[in-house]
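Novice: Quick one: the structure is below, and I'll ask about it shortly.
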């Protein structure tokens, strides 16, 4: 049900048909500038929300693995959050969970 609602609201947003009521009540935003070529930006939290995840353009970069450089697809992520509400250690644990889910999407199905 959530995926259906998310699909419907995403379509409304793309078509610029969201109502003010539909844009209320959020606590977290995902901002994706990667699709238009954005790289390495610092998103700013929209009050009264508590955090925002910035997603940038993916690109292959050389990564040193097991004694040699190998090409690896890298996607820069930037997490900004309100320190009055979210502890920094909890924020980085969440970001590590996101990275792990992106690197191993099959694990999401195992978590139930």
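In the working numbering, the protein residues as written are 503 to 614.
C-beta: ideal position from N, C-alpha, C; glycine also.
(1) How long is the line joining the alpha carbons of residue 575 and residue 608, rounded to whole angstroms?
(2) Would you mind sorting residue 549 into buried or exposed? The rule is 16 or more other CB atoms within 10 Å of its CB.
(3) Compute the Euclidean distance between the alpha carbons of residue 540 and residue 554, then round it to the nearest angstrom.
(4) Using a Cβ-Cβ cutoff of less than 8 Å, which residues in the same chain neighbour residue 593 once the five nearest sequence positions on both sides are dropped?
(5) Could you check which residue in 512, 521, 605 and 595 has the C-alpha nearest to that of residue 531?
(6) What are the boundary residues of the alpha helix (DSSP H) that includes residue 590?
(7) Can you check whether the CB of residue 560 is closer than 9 Å to the CB of residue 542?
(8) Taking just the CA atoms, how far does residue 523 sit from residue 573?
(9) Taking the Cβ atom as the reference point for each residue, do residue 544 and residue 536 lie within a distance shorter than 9 Å?
(10) So the candidates are 579, 590 and 585; which of them puts its Cα closest to the Cα of residue 602?
(11) From residue 564 to residue 521, what distance separates their C-alpha atoms?
Specialist: Reading off the structure:
(1) Your numbering for residue 575 matches position 73 in the chain shown. Your numbering for residue 608 matches position 106 in the chain shown. Going by the C-alpha atoms only, they are around 18 Å apart.
(2) Residue numbering aside, residue 549 sits at position 47 when the chain shown is read from its first letter. By the 10 Å Cβ count, residue 549 comes out exposed.
(3) For the purposes of this step, residue 540 is taken as the residue at position 38 of the chain shown. For the purposes of this step, residue 554 is taken as the residue at position 52 of the chain shown. Rounded to the nearest whole angstrom, the CA to CA distance from residue 540 to residue 554 is 16 Å.
(4) Taking the chain shown and counting its residues from 1, one reaches residue 593 at position 91. Within the same chain, residue 593 has close Cβ partners 553, 581 and 583.
(5) Position 29 of the chain shown holds residue 531. Ranking the options by Cα distance to residue 531, first place goes to 512.
(6) Here residue 590 refers to the residue found at position 88 of the chain shown. Per DSSP, residue 590 belongs to the alpha helix (DSSP H) from 590-605.
(7) Taking the first residue of the chain shown as 1, we reach residue 542 at position 40. Taking the first residue of the chain shown as 1, we reach residue 560 at position 58. Cβ distance not < 9 Å, so residue 542 and residue 560 don't count as in contact.
(8) Locating residue 573 in the chain shown gives position 71, counting from the first residue. Locating residue 523 in the chain shown gives position 21, counting from the first residue. Approximately 45 Å between the Cα atoms of the pair.
(9) Working through the chain shown from its first residue, we reach residue 544 at position 42. Working through the chain shown from its first residue, we reach residue 536 at position 34. Between residue 544 and residue 536, the C-beta gap is not smaller than 9 Å, which leaves the two residues out of contact.
(10) Counted from its first residue, the chain shown places residue 602 at position 100. Across the set 579, 590 and 585, the C-alpha of 579 shows the shortest separation from the C-alpha of residue 602.
(11) As a working note, residue 564 is residue 62 in the chain shown. As a working note, residue 521 is residue 19 in the chain shown. Taking C-alpha positions only, residue 564 is separated from residue 521 by approximately 45 Å.
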